[in-house]
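See below:
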């Protein structure tokens, strides 16, 4: 096996040093009762070329492949990824290193993550951003836990029903063994969250909204912030499309205390939902309650600028059961990749790309409306929206599939009350021509 | 020492991103608009985000220079104990980037995504086979995430038995994340001391285990690199009191094909695919921490999982006893593809051989260095060995000094000051992918450092000397945290 460098001669010489008769002899301390006796049913080892063939054969069974136009976001967005970003994130000095415990040998990772933290903080309007969480859903669950830590004796968190259903499910799983209560706030007819029930609630540590929410609708974050802060609760916002903040007022400016979400849009492939990137930030007073790793700036012995992991006293390996989180491995290279993507876009490019996503989504929305569809939620949207068709859309959906277009996501599995309504996600990768084809099918 | 590989070369300085560039530059190709501009709602629109504008060349040089300040497994030996820094095969990267897989959307119907489901289904089976356990969820995104998932399963299991349990046994030789993972589920960690041989005594477990204790979290081999010989007796004691056994499988690289986790009495085990199954550590992640369980606990696993229905692969949508979801979609799928590709390349024989050679390398180092450094637990080890700085103390040289000196010689230092039960610990895990010559070089370097500790201790205290930066002021970094660059006045 080419990954195993030992020759028989090496093995013999090394066994002589260790005083073992054979390789098996190295395991003599393992009791018989614990031993593996089953024959593994693994396939015979494949050469590189056989493996390529095998993977190609599997890839061919993907009915919806990379040539399809998938007009769905729903937490996993198709954006162009520049070749430079792919090439740079593949550099093995980044890729084959681990958590930078030895900063003198890891300044590349450390400066890169510091830059990621900074650019993300600017994007979200936060004072502090950590070095990453696993994904949007787990980041959301951890944000609620953080809100409860800060809220001390308070035992409830309220979350909007317009937050990604998988994020809410993840939060429910995280909170299940605790005594904390998860309350759901319904959505209004226009697709925004109904906060009117808030004033009747006691003991709420934090209230969470997603914006743009799962329906693509932009929430009135500034208005919500006021209502939530009046209840002495923290305001948590999440997102699954960070590109929105290239155009929209950021959550920090609207009054959010903790912001989290999925950063996959920034240079990461959809890859069946992972690896993605949990982005996570907060206002400065809450820094020591943050979960996850943080990179900070400092100086070396000669006074030269450098970077280290810092505020480790919050973390699992120091505070053990009192830690702010158990997270250890995070999504390092994904954060680095997002940094590279943001650097490639720049402020000017970010605005342009964000606007393009917005304009294109409006185009399809208007085209569908012109063909008789109804915008189901009428509040403003960014690049996703929900529509209701005058007739059953399923046959048209099927015809479009045959043309290589996945025309939206039918919502009944996630929201039974929205049966027959479709969620569309449009990005810069969707051409006008493809959108026209979708609209034409509605009419026919 | 004459033949160390550490040398100095031309390293280029590079400012922070926002210290370079010029407004109006662009480093990325953006499609032309083929649609009319839509009106914007001023109320909702923000001011432009203050990112620096860079050209493509600016970005490429920036990150290329940064990468040259880094050290990875591809650069050289990285014997970071507990982290299994083995070689990450290039072919696995290619497989993960297969266009059909990389483009797969996680919310489509099963019939459109057969290929990715097949990979998940087969990987679930392979991991069950390899560990000896019955059922697998691939959802956890890292080892600690697997631990949390395991604790959620413990909780759900006890709840289903109407049993309220508040405590959990955690040995002093367990991984550092274990107590925090248990605490997230409301369990109070009860410390279990290892004996003078660094192992657990079943008698101690018998004394502490009661019907308010959910179970035990065992790292096996433990963080001293020792296999817990009494694991089966311990498991029997825990089971007799209605408890469960969690196996932290982070050290699975030691025992592939040797230990059967079910026979060890383990009920839930997480694997670190980024350790044992060779996926790159990415400067901190992503990893993957699949959880393997016995038949009895299968109903509690997270959903969805892949299964096979005749010739069709499907995702199971709902199961009433499941703990639910721990990830937005299906875990770090791209990492799963790499591990799948590794298992297919290695086969059964290759995986068994990997563990044998990993253990051989560690014992070879232990044997060669045992007279140079203090070895608190002198018996043969598994995949890693733990020394301390006790013999160097007299020269006022610490583990940290020796670790930093290794940098000058071109090695990544081992894990230091962990496990906590060894004062000044130096935890060395060479892995199987290091050849004898490189290991001999490492051993010679460690001996040279021990000599320097005695004769030229300042060389160690001032190390590293030839790295891009010298020792960094971590106290200052924590006292006045600077976690982001400056906000420029443009941001109003």
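Protein chains in written order, with our numbering: chain D, 193 to 636; chain P, 26 to 517.
Yeah, the Cβ is synthetic: ideal placement off N, Cα and C, and Gly gets one too.
Grab the span of the beta strand (DSSP E) containing residue i for me, first residue to last.
i, result
"residue 349 (chain D)", "348 to 352"
"residue 488 (chain D)", "487 to 491"
"residue 373 (chain D)", "373 to 377"
"residue 499 (chain D)", "497 to 501"
"residue 349 (chain P)", "Neither: residue 349 (chain P) is in no beta strand (DSSP E) and is coded neither H nor E."
"residue 239 (chain P)", "238 to 244"
Quick one: list the residues of chain P neighbouring residue i, beta-carbon separation under 8 Å, in chain order.
i, result
"residue 401 (chain D)", "Simply none; closest approach about 14 Å."
"residue 246 (chain D)", "369"
"residue 520 (chain D)", "167, 168, 169, 201 and 202"
"residue 509 (chain D)", "201, 202 and 443"
"residue 620 (chain D)", "55 and 56"
Looking at the strands, I want to know which residues DSSP matches up with residue i.
i, result
"residue 334 (chain P)", "P:337"
"residue 402 (chain D)", "D:430"
"residue 474 (chain D)", "D:320 and D:450"
"residue 617 (chain D)", "D:576"
"residue 295 (chain P)", "P:273 and P:316"
"residue 412 (chain P)", "P:451"
"residue 261 (chain D)", "D:597"
"residue 247 (chain D)", "According to DSSP, residue 247 (chain D) bridges with nothing at all."
"residue 162 (chain P)", "P:316"
"residue 602 (chain D)", "D:614"
"residue 284 (chain P)", "D:227"
"residue 566 (chain D)", "D:580"
Which residue wins for smallest C-alpha separation from residue i, given the options the options?
i, options, result
"residue 323 (chain P)", "P:301, P:429, P:427 and P:346", "P:346"
"residue 381 (chain P)", "P:135, P:330 and P:459", "P:459"
"residue 579 (chain D)", "D:596, D:557 and D:449", "D:557"
"residue 340 (chain D)", "D:217, D:315 and D:482", "D:482"
"residue 227 (chain D)", "P:316, P:286 and P:151", "P:286"
"residue 532 (chain D)", "P:358, P:77 and P:433", "P:77"
"residue 335 (chain D)", "D:363, D:313 and D:317", "D:363"
"residue 344 (chain P)", "P:181, P:102 and P:111", "P:181"
"residue 530 (chain D)", "D:435, D:395 and D:291", "D:435"
"residue 340 (chain P)", "P:136, P:212 and P:185", "P:136"
"residue 128 (chain P)", "D:462, D:541, D:614 and D:590", "D:462"
"residue 216 (chain P)", "D:315, D:407, D:612 and D:513", "D:513"
"residue 348 (chain D)", "D:315, D:365, D:396 and D:360", "D:396"
"residue 375 (chain D)", "D:398, D:233 and D:546", "D:398"
For residue i, which residues in the same chain have their Cβ closer than 7 Å to its Cβ, ignoring the five residues on either side in sequence?
i, result
"residue 389 (chain D)", "377"
"residue 270 (chain P)", "240, 241, 243, 260, 263, 290, 291 and 292"
"residue 36 (chain P)", "93, 94 and 493"
"residue 177 (chain P)", "210 and 348"
"residue 380 (chain D)", "386"
In terms of residue numbering, what span does the alpha helix (DSSP H) encompassing residue i cover?
i, result
"residue 302 (chain D)", "299 to 316"
"residue 174 (chain P)", "168 to 185"
"residue 473 (chain P)", "461 to 480"
"residue 284 (chain D)", "284 to 287"
"residue 213 (chain P)", "No alpha helix (DSSP H) contains residue 213 (chain P), which is instead part of the beta strand (DSSP E) from 213 to 217."
"residue 263 (chain P)", "256 to 265"
"residue 548 (chain D)", "524 to 562"
So which residues of chain D does residue i contact, with C-beta pairs closer than 8 Å?
i, result
"residue 339 (chain P)", "Within chain D, no residue comes near residue 339 (chain P); the closest Cβ sits about 14 Å away, beyond 8 Å."
"residue 192 (chain P)", "Under the 8 Å cutoff, chain D gives no residues; its nearest Cβ is about 11 Å from residue 192 (chain P)."
"residue 410 (chain P)", "Result: empty, since nearest Cβ-Cβ is about 11 Å, beyond 8 Å."
Given that residue i touches chain P, what residues does it touch there, using C-beta distances under 7 Å?
i, result
"residue 226 (chain D)", "256, 257, 284, 285, 288 and 289"
How would you list, in chain order, the residues of chain P whose beta-carbon sits under 9 Å from the beta-carbon of residue i?
i, result
"residue 430 (chain D)", "The contacting residues do not exist; residue 430 (chain D) stays about 11 Å from chain P at best."
"residue 458 (chain D)", "Within chain P, no residue comes near residue 458 (chain D); the closest Cβ sits about 11 Å away, beyond 9 Å."
"residue 387 (chain D)", "Those within 9 Å of residue 387 (chain D) in chain P number zero; the least Cβ separation is about 17 Å."
For a contact defined as C-beta to C-beta under 7 Å, what are the partners of residue i on chain D?
i, result
"residue 50 (chain P)", "538"
"residue 19 (chain P)", "Nothing about residue 19 (chain P) can be read from this structure; chain P reaches only from 26 to 517."
"residue 53 (chain P)", "274, 536, 537 and 541"
"residue 222 (chain P)", "Those within 7 Å of residue 222 (chain P) in chain D number zero; the least Cβ separation is about 11 Å."
Grab me the residues of residue i's own chain with a C-beta within less than 6 Å of its C-beta, minus the 5 sequence neighbours each way, in chain order.
i, result
"residue 30 (chain P)", "435"
"residue 502 (chain D)", "486 and 488"
"residue 157 (chain P)", "285, 286 and 287"
Mind pulling the chain D residues with CB within less than 9 Å of residue i?
i, result
"residue 455 (chain P)", "Correct list: empty, because the minimum Cβ distance to chain D is about 11 Å."
Suppose the cutoff is 8 Å on Cβ atoms and the five residues either side in sequence are ignored; what does the same chain contact list for residue i look like?
i, result
"residue 548 (chain D)", "620"
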